[in-house]
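There are 2 protein chains.
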Amino acid sequence: MNTLSNDQRSPSAAALDAADPLAPIRNAFSIPNGVIYLDGNSLGAVQKGIAERIDRVVKEQWGEGLIRSWNDADWYEMPMRVGDRIAPLIGAGPGEVVVGDSTSISLFRVVAAGLGLQPDRNVIVTEGGNFPTDLYILEGLQGLRHDLEIRQSSAGQDPAELLDQRTALLVLTQVDYKSGLVKDMKRLTEAAHAAGALAVWDLSHSTGIIPVELNASGADFAIGCGYKYLNGGPGAPSYTWVAPRHVNRVAQPLAGWLGHNDPFAFTPEYVPAPGIRRFITGTQQVLSLAALDEAMKIWEEISIAQVREKSILQTSRFIEGVEARCEGLGLALASPRDPAARGGQVSFTHERGYAVMQALIARGVVGDFRAPNLLRFGFSPLYLSFAEIDRAVDVLAEILTTRSWDDPRYTERRRVT
Amino acid sequence: MNTLSNDQRSPSAAALDAADPLAPIRNAFSIPNGVIYLDGNSLGAVQKGIAERIDRVVKEQWGEGLIRSWNDADWYEMPMRVGDRIAPLIGAGPGEVVVGDSTSISLFRVVAAGLGLQPDRNVIVTEGGNFPTDLYILEGLQGLRHDLEIRQSSAGQDPAELLDQRTALLVLTQVDYKSGLVKDMKRLTEAAHAAGALAVWDLSHSTGIIPVELNASGADFAIGCGYKYLNGGPGAPSYTWVAPRHVNRVAQPLAGWLGHNDPFAFTPEYVPAPGIRRFITGTQQVLSLAALDEAMKIWEEISIAQVREKSILQTSRFIEGVEARCEGLGLALASPRDPAARGGQVSFTHERGYAVMQALIARGVVGDFRAPNLLRFGFSPLYLSFAEIDRAVDVLAEILTTRSWDDPRYTERRRVT
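Protein sequence lines, in the order shown, are assigned to chains A and B. Taking the numbering used here, the leading residue of the first sequence gets 492, the next gets one more, and so forth. Taking the numbering used here, the leading residue of the second sequence gets 492, the next gets one more, and so forth.
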């Protein structure tokens, strides 16, 4: 085992932190003392301004304004306004993104809308390793469309191989939730189009951590999550994008009054609003939406290019540190070694992964575990320093060297892992 | 015009307020000065403890606890726990109600689930005057199930007349959003069952204002809104109930990971959780859900019977007051005169209804307007006094007598009315 400690490495973490243009951004966040938070890919940290913003929404807008705040506080436009904040991060234009409801529900809407554009095709191609809720949503749609066939690529197989003239949609997650592998959106979208299919992208593990180019890659539909790298808070609403060339000719099945062209006319027939607004269903959860709105303001000061640059430095340093310090201790890298093919997370397998992660969390290094054996570490460059990465490596090396994970405290399963 | 002013009436408002067992409950709410709030049927008012609760969720649970709060703050169980708070108000048992997502989305889930129980039937009976989003959701389902036929009763027609052996579901709103008319849930459910159909109830304008007896009436499915009489906050999540005799054999199409039997096993196949939990789709919006949870605590101190008793006194007094003071001024009652047939709101038509409502709002009497000509006044007995009702009658009489609504300020349409 290579015992070169992290503080002997060159460049030093201190030097990297001193040179980091994003370092001051950490001050906008509240990170608890004693925690090195490597789970921002699961739930992003809170910014200091959010409590105050929500307090204002509750006391002034709801409390004082009451129903009038739909106009006066512009709650009505919030799904579009927050969408406009997200658009630049995903290569979309203004007015092309709308925010609301859970990621699963947004996926249901775009997949159903995409199927509607392909009346003569009945196959959806996806990957077996997709995030399970994406697979469940497709399965749920099958319950309504019995002729629907779902083809899943097997591990390592290029899903493009499964495309054919019956394929309506290719539904993929751009960054794999387990390995962090980044798929080539442009190549796969072009492959879908070459087969006459449309491409639907889940950007949950992409947005806010790698540059995404929806329009430039020719994508057709996209959705993603508000509570990971966008730091919108627990269960923050998701977002939806539809290519402008499709949006005014698609129908989505969760047709609700706030996606209507004139909601307050209360007409019995549904007439979809022009543009992406038709992907709104019912009334949005304003408190949660306001938290995401507030969280997104940080992007007025920083660019996704800066984030990506720091992200690559941080994930690379973590891999190098762990491999140098933990050789022979049962870890195997489960993420791409090539930084260009890697998102914001690094995963390692370990036979006793669950207990190792619990031991890490007990020491203040908070990552997560994915069954059966995956230790997942997410690196959010907005609030993570290089010094913390080195420290996380130290703690992991110490736990594995001393086998301190082998303690009954760390093996009892908790509900959310 | 009868000019007997409200303060000459017997019993006086002061006497009624003094005898009102719910009067102290108003102290739990923050009602802005100078406002008589008659729109709690659209957005309920805020309780004082909610800002503090949400502040704790943001700073402690999200900020300090981070991802660990899914276990430690029990976010994971919140949809069921809040459901258990709602259950007694709707005649449901513990563990039978789950909270999450918008009312429209919850309706989609139960209607689709109900259709799944009726494979040989393809007709949904509803009423033309149903809240439009309910009709849009049915229309949206039709986009996925092309064989689905939707039959709407016309104004005044008993929807039971439209039931036949092809009818899969009867989908009704119990309390009409315009008139406040209460439908007989038991009779209509029995009529549906007699035709071999199942009954789906939208309780948005019922829950928290009239007693609802889902189990006792034999209903099959129900959903409703969290932000009206439950005072859960803007866009608060909705709730879903499924009769225990059905729940373990229904499938709903928005199958997401948090409705899975073992979400963190990340299996590629969807296995629904037992019971109502299968009606959860994705991750819930925790801030908005926590506000509803906090708002529901008030029901530990009061009963729906108390609320209904006060509600009938208040709506009756408003009708009598308005009819005594505003005769010949263009108003016509659009709500049932029989209190047993009336929910928590009173509506009047007026040719210039929009301008009249704007003039009322400018004077601090906040109701709402529904096109083309409906003035809608909702009475939430939790925070409304009898003195305020008399005062609202006075202001309305004054506006109509002086025709002060006839002012260009009051005719310009705002987005949300």
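For every residue, glycine included, the Cβ atom is placed at its ideal position computed from N, Cα and C.
Scan the segment 532-608 of chain B and note each continuous beta strand (DSSP E) run of 3 residues or more that stays entirely inside, going in chain order.
588-590
Since I believe G554 (chain A) is in contact with S521 (chain B) (beta carbons under 8 Å), could you give me their beta-carbon distance rounded to a whole number of angstroms?
5 Å
Does the Cβ of R904 (chain A) have 16 or more other Cβ atoms within 10 Å, making it buried, or fewer, making it exposed?
R904 (chain A) counts as exposed, since fewer than 16 other C-beta atoms from the protein chains shown sit within 10 angstroms of its C-beta.
Consult DSSP for T840 (chain B) and reduce its assignment to one of helix, strand or coil.
strand
Who are the near neighbours of P702 (chain B) in its chain, counting only those whose CB is closer than 7 Å to its CB and skipping five residues on each side?
I795, A796, R799
Between the C-alpha atoms of N447 (chain A) and H696 (chain B), what's the straight-line distance to the nearest angstrom?
No answer is possible for residue 447 (chain A): the residues shown for chain A start at 492 and end at 908.
Just to confirm the assignment, what range does the alpha helix (DSSP H) spanning Q797 (chain B) have?
Unbroken alpha helix (DSSP H) run through Q797 (chain B): 795-816.
Kindly list, in the order they appear in chain A, the residues whose Cβ is closer than 7 Å to that of T892 (chain B).
None at all; the shortest Cβ gap to chain A is about 25 Å.
Using C-beta distances below 7 Å, list every residue in its chain close to P872 (chain A), excluding the 5 sequence neighbours before and after it, in chain order.
L513, V798, K801, S802, Q805
Taking just the CA atoms, how far does K719 (chain B) sit from G605 (chain B)?
26 Å
Under 8 Å between C-beta atoms, does E814 (chain A) make it to chain B?
No Cβ of chain B is located within less than 8 Å of the beta carbon of E814 (chain A).
Taking the beta carbon of Q499 (chain B) as the centre, do at least 16 other beta carbons fall within 10 Å, making it buried, or is it exposed?
exposed
I need the straight-line Cα distance from R816 (chain A) to A564 (chain A), nearest angstrom please.
54 Å
Whose Cβ in chain A lies nearer than 8 Å to the Cβ of L745 (chain B)?
Correct list: S595, I596, F599, I628, G631.
Would you please verify whether the beta carbon of D897 (chain B) is less than 8 Å from any beta carbon of chain A?
no
Give the range of the beta strand (DSSP E) segment to which L629 (chain A) is assigned.
First-last for L629 (chain A): 623-635, but that is the alpha helix (DSSP H), not the beta strand (DSSP E).
Closer than 8 Å between beta carbons: that is the criterion. Which residues of the segment 507-541 of chain A meet it against chain B?
Listed in sequence order: S521, P523, V526, Y528, D530, S533, L534, A536, V537, I541.
Go ahead and label L838 (chain A) buried or exposed: buried means 16 or more other beta carbons lie within 10 angstroms of its beta carbon, across all protein chains shown.
This sequence places Ser at residue 838 (chain A); Leu is not what is there. Label assigned to S838 (chain A): buried.
A832 (chain B) - DSSP class collapsed to helix/strand/coil
helix
May I have a chain-ordered list of the beta strand (DSSP E) segments no shorter than 3 residues that lie completely inside the segment 866-902 of chain A?
Listed in chain order, there is nothing to give.
Identified DSSP bridge partners for E618 (chain A)
Under DSSP, E618 (chain A) forms a beta bridge with A:S644.
Hey, would you say P759 (chain B) sits closer than 8 Å to G619 (chain A), going by beta carbons?
yes
Mind listing the chain A neighbours of E555 (chain B)? Cutoff is C-beta to C-beta under 7 Å, in chain order.
P523
For P650 (chain A), count the other beta carbons within 10 Å of its own beta carbon; 16 or more makes it buried, fewer makes it exposed. Which is it?
buried
Kindly give me the distance between the Cβ atoms of L679 (chain A) and L689 (chain A), rounded to whole angstroms, as I take these residues to be in contact under 8 Å.
Distance from L679 (chain A) to L689 (chain A) at the Cβ level is roughly 12 Å; contact not present, criterion being Cβ atoms closer than 8 Å.
Roughly how many angstroms separate the alpha carbons of S501 (chain B) and A888 (chain B), rounded to a whole number?
19 Å
Backbone secondary structure at G715 (chain B) - three-state DSSP
strand
Within chain A, partners of D859 (chain B) - CB distance below 8 Å
I558
Which value, in whole angstroms, describes the spacing of the CA atoms of V673 (chain B) and W561 (chain B)?
The alpha-carbon separation between V673 (chain B) and W561 (chain B) amounts to approximately 40 Å.
For G858 (chain B) versus R867 (chain B), is the C-beta spacing smaller than 8 Å?
yes
If the cut-off is 9 Å on Cβ atoms, which residues from the segment 722-749 of chain A count as contacting chain B, listed in chain order?
G724, P725, G726, A727, P728, S729, A742, Q743, P744, L745, A746, G747, W748, L749
Are the CB atoms of A764 (chain A) and G607 (chain A) nearer to each other than 8 Å?
For A764 (chain A) and G607 (chain A), no; Cβs fall outside 8 Å.
Would you call the segment 762-776 of chain B and the segment 623-633 of chain B in contact, with 3 or more CB pairs under 8 Å?
no
Residues of chain B with CB closer than 8 Å to the CB of A862 (chain A), please, in chain order.
F755, A756, F757
Whole-angstrom distance between S533 (chain B) and K788 (chain B), CA atom to CA atom:
20 Å
Could you tell me whether the segment 607-617 of chain B touches the segment 638-645 of chain A, using the rule of 3 or more Cβ pairs below 8 Å?
Not touching, per the Cβ criterion.
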